[in-house]
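What follows is a set of notes on a single structure, which appears directly below.
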Ligand SMILES: Nc1ncnc2c1ncn2[C@@H]1O[C@H](COP(=O)(O)OP(=O)(O)OP(=O)(O)O)[C@@H](O)[C@H]1O
Ligand SMILES: [Mg+2]
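Residue numbers (our numbering): 4 to 261.
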C-alpha cells in the first residue's frame with residue numbers, strides 16, 4: 004500500500020472551471036517525484052487540492068493516504084496524517100512569531116496523534132530541535148522571533164517553509180516552487196535540507212520549473228504536467244530534456260495553433 008495515491012483526480016475552481024483533468028500519481032516514502040510544467044498548467048491547483056484547500060473542488064477521483072480515502076477530509080485532518088504543503092506564495096501571519104507558530108503546529112499534530120488529548124512538546128526539547136534545524140538551514144535567530152513572513156524577503160519565506168517542514172516531520176512533503184526566488188547558496192541549503200529528510204519516513208512531490216533544484220534533490224520520477232494532465236513520465240533525464248527543449252513537444256495542438 005502506497006503512502007499517497009492520487010486516482011483520476013479532477014479539480015475545478017468554485018465557478019466550475021476544470022483545471023486538473025484526471026491525474027494519477029503515487030508517491031511513497033523514500034521517493035522524490037518532480038512535477039514540471041508550463042505556467043498556468045494547474046500545478047499549484049493540484050497542490051492545493053491535495054492539501055484540502057476549500058476553494059479547489061474535487062469533482063472526480065480520489066486521494067488516499069495509507070490506503071484511507073481523505074478526499075472529503077479537511078486540511079487539518081490531512082496535515083495530521085502527515086501531508087505538508089510548502090506554498091508557492093507563503094502568507095504573512097501578523098502577531099504570531101515563527102517560534103510560536105511552529106510550536107502550535109507541532110502541538111496540534113501531537114494532540115491529533117494522541118487521539119485528541121493535549122500532549123505539548125516539552126519546551127527544552129522544542130528549543131533544542133528548533134536551534135539545530137535553524138543552524139542546518141541557515142535561518143537566523145533573529146528571524147525566528149519575528150512575525151511569520153511579515154516583511155520577510157522571498158528567500159527568507161522559502162527557508163522558513165522548509166524549517167517548518169523539518170520541525171513538523173511530515174510523511175509526504177509537497178513543495179510548490181520552493182526554489183523560485185532563492186539565491187544559489189540558499190537553493191543548495193534548502194534542497195539538501197529536503198533531500199536529508201527523504202528516507203523511510205518521508206517522500207516528496209516537488210513542483211518546479213527548473214532542473215537546477217534537481218541537482219541537489221535527485222528525483223526518482225519526473226512527471227510532465229501540461230493542461231491539467233500528466234502527459235509524460237520518466238526519470239531524471241526527462242528533466243534535463245525539458246531544460247533543453249521546453250514544453251513545446253507536449254503542448255496540445257489547439258494551444259499551439261491559437
Ligand atoms: N482561485 C483561483 N481563481 C481564479 N483562477 C484560478 C484560481 N486558481 C487557479 N486559477 C487558474 O487556474 C489555472 C492554473 O493555475 P495554477 O496556479 O494551478 O497554475 P501553475 O501550473 O501552478 O502555474 P505557475 O507555474 O505559474 O505557478 C490558471 O489559469 C489560473 O489563473
Ligand atoms: Mg504554481
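Quick reminder that beta carbons are idealized off the backbone N, C-alpha and C, glycines included.
Taking residue 147 as the centre and dropping the five residues before and after it, the same chain places the C-beta of 101 and 102 closer than 6 Å to its C-beta, in chain order. In the structure shown, residue 242 falls within a helical segment according to DSSP collapsed to helix, strand and coil. Put simply, the backbone Cα of residue 51 is about 7 Å away from that of residue 59. Not one heavy atom of ligand 1 falls within 6 Å of the beta-carbon of residue 143.
In the displayed model, residue 117 falls within coil according to three-state DSSP, outside both helix and strand. When C-alpha distances from residue 53 are compared across 129, 13 and 114, the shortest belongs to 13. Classified as exposed, residue 42 has fewer than 16 neighbouring CB atoms from the shown chains inside 10 Å of its CB. Cα atoms of residue 130 and residue 49: separation of roughly 34 Å, rounded to the nearest angstrom. Summarising the contact set, residues whose Cβ lies nearer than 7 Å to any heavy atom of ligand 2 are, in chain order, 46, 47, 91, 179, 180 and 210. Each of 150, 69, 92 and 247 was checked against the Cα of residue 81, and the nearest Cα belongs to 69. Take residue 196, set aside five residues on each side of it, and the residues of its chain with a beta-carbon closer than 7 Å to its own are 139, 140, 165 and 169, in chain order. The way I'd put it, the segment 177 to 196 does touch the segment 151 to 159; three or more beta-carbon pairs between them come closer than 8 Å.
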